[in-house]
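> With my numbering, the residue at position 289 of the sequence shown is 307, and numbering never jumps.
Before I ask anything, here is the structure I am working with.
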Amino acid sequence: MDKLILQFVLFFAKAFLKKDVDFEKLKIITETKLIMDRRRVRVSMKKNVQKDPKNQLLISQIVYAVFGIIIGATFFGIKAIIPCMVIFHTYLLFMMAMTLITDFSTVLLDTTDNQIILPRPVSSKTFFVSRLVHILVYLLQFTIALAIFPLVFIFIIFGAFVGITAIFTVLLTVVFSVFLTYLLYGLILRFSNEERIKDIVSWFQIVMTVVFAGGMQILPRIIDVTNLQIKIDLHWYSYFIPPMWMAYSLDAVQALALDKVHAVMILLTIFAPIITFWIMIKFLAPSFSKKIGALGNSRTQPSEAKLIEQKQEKSFLQKMIPVICTNKTEEAGFELTYKMTARDKSFKIQFYPSLAYLLVFAFVFVFNRGNNMVQVWATLNTTKSFLWFAYLPMFTISTGIALIAFNENFAASWLYLACPLKQPGSLISGALKALLFKFFVPIFVLLFALSFYIWGYVIIDDFLLAFFNNIFIFLLISHIGKSYLPFSMQPNVKQQTGKFIQVVLQIIIIGLLVGLHYLALKLSWLVAVLIPASVTGCYFLLKTIQQYSWNKITN
């Protein structure tokens, strides 16, 4: 499918980019990137060759299609075109933005091809657009899955003309989400110090995560539901909301209306993505490639204060590692992962934004019980909402399981194969313990302190059970998935897709855990009985992972 989509994208690129971009070089670069995405570069002593797994991409598309069916089914109940199209395009913009943040952040700031392309006679604009086209090819695959069923429902409910127009608004929404993300990244790259770029980008992604996820909470509040009829009022700020542009443009097609409001919305729908793209090509592209090159080549000398901090950290690790780990191999996996998660900027760019979900979902699950936040806070200690606080930490750190498998310097993993390791599973268990110790424990303790302040000592046994339940689920996610040695795999677009789907599935797991734990609260003694059971489960799962042989390791 990616070949057909590439031809589709290049057709429009050739029409609009004749003067600014070398089309032939753009085509060669993008086709080469897609070919490399289909290949797996591995460091392995195994003779059997495995094909590149496409299941992850396919599963993600199937899940996205299910989401599309759910969104499209709401059209039959609402039927009014403007609310339907606002919901649809908001959902589409949100999904595209979150996919860019969670799945394609490393591709947006990829530095692996700098050594090959930058010395060649390739203009910065051509190099810049090649990244856009590369991302668009994958996003359009997700777009088909996301929008195919809602579009079918639009054809059925609102007619053929609206349906055909909706296809174009869907494409414009996707293009706008990509261009807007690139525009903001480009501004950061243009006006930031190279030494701080990726740190700033990490914080920027966290802010974007909160903004987009928070927007999903704000949008329903501007929808007025009266007598089972949904009404969206037009305000001055509606002209700054892209889904409103698309909705009013489609309403103009259905009603054949071309008054002032509809005319403005149509102009915004068509020209906003084009203008954004022109701004990027004209002002940001010349410096974008240079800044990207600086990302991969910049090296800075740590300050004296930083060296002291690193020595203290090393001393602290040396004291804690023997307590946490059970053998030397596990200690090596623990120390490697602990340090790499602090130094590898690619990991931080992908992992730290997930920490923002704590704020978002704490609001969604705990505080979203009414419009009066003061009243919700005052009555919070009479509820069982502390269960959400107890299980949210697992949701944040579990994303790190997949991330610690990938690294740009994956070729150095030959060292694993050169070592006489009979059970490499200890490396994996050490890496998992590092994630738990470094990220899970501090977050869990912080949320426990907050919950203790609100609910008091009665929650201690519940948090103790939740602590081991979190670890059990964390180890289970690692066990049922593919087993990679830490930082041993090449970053690959196809392999790294689907992280947003994992986020959704983790929400479902958290909901089930909270529901089961809530049922356990009905019997005061049951929580105390379940704690040893949870500890036992953690013990056996950890032992199973430690005893992994080479046949279990995926490479």
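By construction, the Cβ of each residue, glycine as well, lies at the ideal position given by its N, Cα and C atoms.
Please name the residue, chosen from Tyr-409, Pro-291 and Ile-153, that lies closest to Ile-527 on a Cα-to-Cα basis.
Your numbering for residue 527 matches position 509 in the sequence shown. For the residues Tyr-409, Pro-291 and Ile-153, the minimum Cα distance to Ile-527 belongs to Tyr-409.
> Using a Cβ-Cβ cutoff of less than 7 Å, which residues in the same chain neighbour Asn-245 once the five nearest sequence positions on both sides are dropped?
Here residue 245 corresponds to residue number 227 of the sequence shown, with the count starting at 1. Residue placement at Asn-245 cannot be trusted, given a pLDDT of 48 that sits under 50; the coordinates are not used to answer.
> Is Phe-197 helix, strand or coil by DSSP?
For the purposes of this step, residue 197 is identified with residue 179 of the sequence shown, where counting begins at 1. DSSP places Phe-197 in helix when its eight states are reduced to three.
> Tell me whether the region 179-188 and the region 74-85 touch, counting them as touching only if at least three CB pairs, one residue from each stretch, are closer than 8 Å.
Verdict: no, contact absent.
> Under 7 Å Cβ to Cβ from Lys-337, same chain only, skipping five residues before and after it: list those, please.
Looking up residue 337 in the sequence shown gives position 319. Excluding residues within five positions, none has a Cβ falling inside 7 Å.
> Write down every uninterrupted run of the alpha helix (DSSP H) in the region 78-138 whose length is 4 residues or greater and which is fully enclosed by it, in chain order.
Those alpha helix (DSSP H) runs which fall completely within the region 78-138 and span 4+ residues are 99-121, 123-126 and 132-135.
> Please go through the same chain and pick out, in chain order, the residues whose beta-carbon is closer than 7 Å to the beta-carbon of Val-59, but skip the five residues on each side of it.
Reading the sequence shown from its first residue, position 41 is the one you call residue 59. With a pLDDT of only 45 at Val-59, under the threshold of 50, the placement of this residue in the model should not be trusted; the figure read from the coordinates follows. So the list reads Gln-508, once near-sequence residues are dropped.
> Excluding five sequence neighbours on each side, which residues of the same chain lie with their C-beta closer than 6 Å to the C-beta of Gly-555?
Taking the sequence shown and counting its residues from 1, the one referred to as residue 555 is at position 537. Cβ within range, chain order: Phe-490.
> With DSSP as the reference, label Ile-250 as helix, strand or coil.
Locating residue 250 in the sequence shown gives position 232, counting from the first residue. Strand at Ile-250.
> Exposed or buried, what is Trp-254 when buried is set at 16 or more other beta-carbons lying within 10 Å of its beta-carbon?
As a first step, residue 254 must be located in the sequence shown, where it is residue number 236. Looking at its Cβ environment, which holds fewer than 16 other Cβ atoms inside 10 Å, Trp-254 is exposed.
> Starting from the Cα of Ser-542, find the closest Cα among Ala-265, Tyr-502, Asp-479 and Ile-563 and give me that residue.
Sequence index remark: in the sequence shown, residue 542 carries index 524 (1-based). The candidate whose alpha carbon is nearest that of Ser-542 is Asp-479.
> Counting along the chain, where does the alpha helix (DSSP H) carrying Gln-272 start and finish?
Locating residue 272 in the sequence shown gives position 254, where the first residue counts as 1. 260-273 is the span of the alpha helix (DSSP H), which, as asked, contains Gln-272.
> Under a Cβ-count criterion, where at least 16 other Cβ atoms within 10 Å of its own Cβ denotes burial, should Lys-65 be classed as buried or exposed?
One-based indexing of the sequence shown puts residue 65 at position 47. Residue placement at Lys-65 is poorly supported in this model, since its pLDDT is 40, which falls under 50; the coordinates are not used for a value here.
> Is it the case that the Cβ atoms of Leu-157 and Val-104 are separated by a distance below 8 Å?
On the sequence shown, position 139 is the one that residue 157 refers to. On the sequence shown, position 86 is the one that residue 104 refers to. Contact: no.
> How far does the alpha helix (DSSP H) with Ser-256 in it reach, from first residue to last?
Taking the first residue of the sequence shown as position 1, residue 256 is located at position 238. Here Ser-256 belongs to no alpha helix (DSSP H), and DSSP marks it neither H nor E.
> Closer than 8 Å is the cut-off here; do at least three beta carbon pairs connect the region 443-462 with the region 346-362?
The region 443-462, when compared against the region 346-362, does touch it at the 8 Å Cβ threshold.
> What's the call for Pro-340, buried or exposed, on a 16-neighbour Cβ count within 10 Å?
Within the sequence shown, numbered from 1, the residue matching residue 340 stands at position 322. The residue in question, Pro-340, is exposed, as its Cβ has fewer than 16 Cβ neighbours within 10 Å.
> Can you name the start and end residues of the alpha helix (DSSP H) that Tyr-356 belongs to?
Taking the sequence shown and counting its residues from 1, one reaches residue 356 at position 338. Here the alpha helix (DSSP H) through Tyr-356 covers 346-361.
> Whose C-beta lies closer than 6 Å to the C-beta of Val-476 among residues of the same chain, with five residues either side of it excluded?
For the purposes of this step, residue 476 is taken as residue 458 along the sequence shown, with counting starting at 1. Hits under 6 Å: none found.
> Just to confirm before moving on: does the CB-CB distance between Ser-364 and Ala-423 stay below 8 Å?
Here residue 364 refers to the residue found at position 346 of the sequence shown. Here residue 423 refers to the residue found at position 405 of the sequence shown. No, they are not a contact pair.
> Please classify Ile-571: does DSSP put it in a helix, a strand, or coil?
Residue mapping note: residue 571 aligns to position 553 of the sequence shown, counting from 1. Ile-571 falls in the strand class under three-state DSSP.
> Expressed to the nearest angstrom, what Euclidean distance is found between the alpha-carbon atoms of Phe-145 and Ala-290?
In the sequence shown, residue 145 corresponds to position 127, counting from 1. In the sequence shown, residue 290 corresponds to position 272, counting from 1. Cα to Cα, Phe-145 sits roughly 23 Å from Ala-290.
> Let's see if you can read the secondary structure: which residues bound the alpha helix (DSSP H) around Gln-159?
Taking the first residue of the sequence shown as position 1, residue 159 is located at position 141. That run of the alpha helix (DSSP H) goes 142-176.
> Assuming Phe-94 contacts Ile-175 (C-beta within less than 8 Å), just tell me the rounded distance between them.
In the sequence shown, residue 94 corresponds to position 76, counting from 1. In the sequence shown, residue 175 corresponds to position 157, counting from 1. Right, their Cβ atoms sit about 7 Å apart.
> Going by C-alpha distance, which of Ile-134, Ser-148, Ala-91 and Leu-252 is nearest Ile-172?
For the purposes of this step, residue 172 is taken as the residue at position 154 of the sequence shown. Nearest option by C-alpha distance: Ala-91.
> Quick test of the definition: if touching needs 3 or more C-beta pairs under 8 Å, does the region 551-565 touch the region 493-502?
In short, these stretches touch, since the Cβ pair count reaches three.
> Buried or exposed, going by whether 16 or more other CB atoms sit within 10 Å of the CB of Arg-239?
The residue you call residue 239 lines up with position 221 of the sequence shown. With a pLDDT of only 49 at Arg-239, under 50, the local geometry of the prediction cannot be trusted, and the value read off the model is given with reservation. By the 10 Å Cβ count, Arg-239 comes out exposed.
> Tell me the rounded alpha-carbon separation between Phe-160 and Phe-112.
In the sequence shown, the residue the question calls residue 160 occupies position 142. In the sequence shown, the residue the question calls residue 112 occupies position 94. Cα to Cα, Phe-160 sits roughly 13 Å from Phe-112.
> Go ahead and pull the three-state DSSP assignment for Met-19.
Start at 1 with the first residue of the sequence shown, and residue 19 comes out as number 1. In this structure, Met-19 counts as coil in the three-state DSSP scheme.
> Helix, strand or coil for Ser-364, going by three-state DSSP, please let me know.
Start at 1 with the first residue of the sequence shown, and residue 364 comes out as number 346. It is helical.
> Going by beta carbon distance, what residues of the same chain come within less than 7 Å of Ser-141, once the five residues before and after it are set aside?
Along the sequence shown, read from residue 1 onward, the residue named residue 141 stands at position 123. Asp-40, listed in sequence order.
> Mind checking Thr-397: buried by the 16 CB within 10 Å criterion, or exposed?
If you number the sequence shown from 1, residue 397 lands on position 379. The residue in question, Thr-397, is exposed, as its Cβ has fewer than 16 Cβ neighbours within 10 Å.
> If you follow the alpha helix (DSSP H) that Gly-474 is in, where does it begin and where does it stop?
Translated into positions along the sequence shown, residue 474 becomes position 456. Counting along the chain, Gly-474 falls outside any alpha helix (DSSP H), and DSSP gives it neither H nor E.
> For Val-27 and Leu-154, I'd like the C-alpha separation in whole angstroms.
Translated into positions along the sequence shown, residue 27 becomes position 9. Translated into positions along the sequence shown, residue 154 becomes position 136. Whole-angstrom Cα-Cα distance: 8 Å.
> Leaving out five residues before and five after Thr-417 in sequence, what residues of the same chain have Cβ atoms less than 6 Å from its Cβ?
Stepping through the sequence shown from its first residue, residue 417 is reached at position 399. For Thr-417, where only same-chain residues beyond five positions count, the Cβ hits under 6 Å are Ser-372.
> Count the other C-beta atoms from every protein chain shown that fall within 10 angstroms of the C-beta of Lys-451, then say buried if there are 16 or more, exposed otherwise.
Sequence index remark: in the sequence shown, residue 451 carries index 433 (1-based). Buried, because 16 or more other Cβ atoms sit within 10 Å of the Cβ of Lys-451.
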